[in-house]
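Q: Would you mind keeping the following structure in view while I ask a few things?
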Amino acid sequence: MVINRQWKLKVKSVLILWTLLAAGSASLQAGNTFEIRKESQKELVIQIEGKAVGKYMFEHDASSKEIYHDTYKPFLHIIDPERGIKITKGPGGQFTHHRGIFLGWNRLTTSEGRFDLWHMNKGIQIHQAFTSKRLTPHDASFTSNIHWLISGEKIVMAELRKMTFSHDGRKNTIAVVDLTTRLTAKVNLELKGDPEHAGVQYRAANEINKKSTSY
0 MVINRQWKLK VKSVLILWTL LAAGSASLQA GNTFEIRKES QKELVIQIEG
50 KAVGKYMFEH DASSKEIYHD TYKPFLHIID PERGIKITKG PGGQFTHHRG
100 IFLGWNRLTT SEGRFDLWHM NKGIQIHQAF TSKRLTPHDA SFTSNIHWLI
150 SGEKIVMAEL RKMTFSHDGR KNTIAVVDLT TRLTAKVNLE LKGDPEHAGV
200 QYRAANEINK KSTSY
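Position one of the sequence shown corresponds to residue 0 (numbering that gives the first Met the number 0), numbered consecutively onward.
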């Protein structure tokens, strides 16, 4: 994904569309069977032909400082279906806030000050519920209702994040992921950030071969 502009939005409601083509060693073909299953209260698994290709991590747990850190925002992992391993990054490692496919801004300004809902300094994103799950012969999709909160657990934005998984029939494709999100402001606010700290982002696993990988 290439973003060559600086974000500066005064939000009442904004719609964002984004597409990822995840490539790997898979041998899946178009017209496969899609499945969605929920595993406890932590993740939603998307499968093609019985193999996981994505995991949406939606758990929020404030029972300890460490667990809170690991669950302060929902994000999507991409899975290599042949090996069953995550090719995207989770908590910890280099830049712990870099997590799979996620959404954020590091400069969210309200009348109460400026907040960072990218690194999650003085802010948090909490999944509330799945408002829809849909399966067709051609794709699988789900919509996550997310509250964006600042200090004091005040809701400043409500988000409906829809992710759709499909397949283009090419041998090395794991999945095609389309992300559509609608952000609705609950207070007067302004979103700002440079291309590295604003909007939709994809973060590969730490183990990626940096020399042979380009974005």
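Just so it is clear, CB atoms sit at the ideal spot from N, CA and C, and this is done for glycine as well.
With burial defined as no fewer than 16 other Cβ atoms inside 10 Å of the residue's Cβ, what is the status of residue 4: buried or exposed?
A: Interpretation of residue 4 is limited by its pLDDT of 31, a score under 50 that renders its predicted location unreliable; the figure taken from the coordinates is listed afterwards. Residue 4 comes out exposed.
Q: Classify residue 125 as helix, strand or coil using the three-state DSSP reduction.
A: Correct three-state label for residue 125: strand.
Q: Where do the N-terminal and C-terminal ends of the beta strand (DSSP E) with residue 146 fall, by residue?
A: Start and end: 138 to 149.
Q: Given a cut-off of 8 angstroms on the beta-carbon distance, is the pair residue 77 and residue 112 in contact?
A: No.
Q: Pull up the distance between the alpha-carbon of residue 195 and that of residue 116, whole angstroms please.
A: Whole-angstrom Cα-Cα distance: 13 angstroms.
Q: With DSSP as the reference, label residue 177 as helix, strand or coil.
A: Strand.
Q: Starting from the N-terminal side, write out each stretch of the beta strand (DSSP E) that is 3 residues or longer and does not extend beyond the segment 69 to 131.
A: Correct list: 74 to 79, 100 to 109, 112 to 116.
Q: Throw me the rounded Cβ distance for the residue 202 and residue 87 pair, which I believe falls under 8 angstroms.
A: Right, the Cβ-Cβ distance comes to about 6 angstroms (below 8 angstroms), so this counts as a contact.
Q: Can you grab the Cα-Cα spacing for the pair residue 82 / residue 43, in whole Å?
A: Cα to Cα, residue 82 sits roughly 19 angstroms from residue 43.
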